[in-house]
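Heads up: the sequence shown begins at 1 in full-length UniProt numbering, then just goes up one per residue. Glycine included, every Cβ here is placed at the ideal spot set by N, Cα and C. What you are looking at is a predicted structure, and each value in this text was computed from that prediction instead of being measured. Structure first, then comments.
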Amino acid sequence: MTRLTDGKVHVCQASGGKLGGHPVGQVTFNQFAGPHPAGLVGTHIHFLEPVSLKKQVWHLNYQDVIAVGKLFLEGELSSERIVALGGPQVKEPRLLKTCSGASLDELLADELLDDENRVISGSVLSGTHAQGPHAFLGRFHLQISVVKEGREKELFGWVMPGKDKFSITRTTLGHFMKRKLFNFSTDTNGGERAMVPIGNYERVMPLDILPTMLLRDLLAGDTDSAQALGCLELDEEDLALCTYVCPGKYEYGPALRSVLTQIEQEG
């Protein structure tokens, strides 16, 4: 990688990772600990090399680094991918060896529970609904997620204790069952409503930004204020948890992309 840039090369890994040690020339080794989104490239860039209108940062995942090395050493373009297959609807979650752009219909044959399922190329938080002409492994995706389509309606669900429901706030009994694992579905538990700032976004945002103010400006399409609050450092996956915990059920990834596109078009 040092042959491709005159700048620094940051190798990021989980806490306790065994790669490297002390900096070697342009290369530095960094460790990130904690739950998601500690492993997102946006988190790494924010703390190591923050970007702006005047500064760009490139990133590669480890499998692409291997492919680049194989190209130069052996003269072959490797499309091999090791992806994680997981989700409550998968019979046997595991790692699979496949290729970039693989057909997910073929890959998941006899792998899923018999139900109405949603197959997602990528993370359940920011991946792509893989159906029809899009039922293929995404170019930059390293996981395949499968969840149940949540179409069932629960009578008077809002008055039930909710021992089988996850909650970021203390509104269900499930919030207090810290060690319990939940089988999530596509059910959003309600429709769109007002954006209520109750501290949810701050609970899941590790970056040094003001998420509530930024998200409000993204929904309003205020590009100037959004830039001042740090939108140029973000990608859709960086706001996926904000979408998940939003009491108003807003999709902040598309809102961010719309603002970034407008900024690019306006120069």
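Check, Outcome
"Local Cβ density within 10 Å of Pro37, reported as buried at 16 or more and exposed below that", "buried"
"CB-CB length for His44 against His10, believed under 8 Å", "7 Å"
"Identity of the residue in Ile263, Lys55, Asp64 nearest Ala226 by Cα", "Ile263"
"Limits of the unbroken beta strand (DSSP E) element including Gly148", "Here the sequence assigns Lys to residue 148, which means Gly is not the residue at that position. That run of the beta strand (DSSP E) goes 143-148."
"Helix, strand or coil at His129 according to DSSP, with G and I counted as helix", "strand"
"Inter-stretch contact at 8 Å, needing at least 3 Cβ pairs: the stretch 159-168 / the stretch 212-231", "no"
"Span separating the alpha-carbon of Leu96 from that of Ile82", "6 Å"
"Same chain, Cβ closer than 8 Å to Tyr201, neighbours up to 5 away in sequence not counted", "Pro211, Thr212, Leu215, Cys242, Val245, Cys246"
"Sequence-distant residues of the same chain with beta carbon closer than 8 Å to Met205, five excluded per side", "Pro211, Leu241, Cys242"
"Arg94 - DSSP class collapsed to helix/strand/coil", "strand"
"Presumed contact (8 Å Cβ cut-off) between Tyr250 and Glu192, rounded CB distance", "7 Å"
"Exposed unless 16 or more other CB atoms sit within 10 angstroms - verdict on Lys54", "exposed"
"Residues that DSSP places opposite Thr28 in a beta bridge", "His10"
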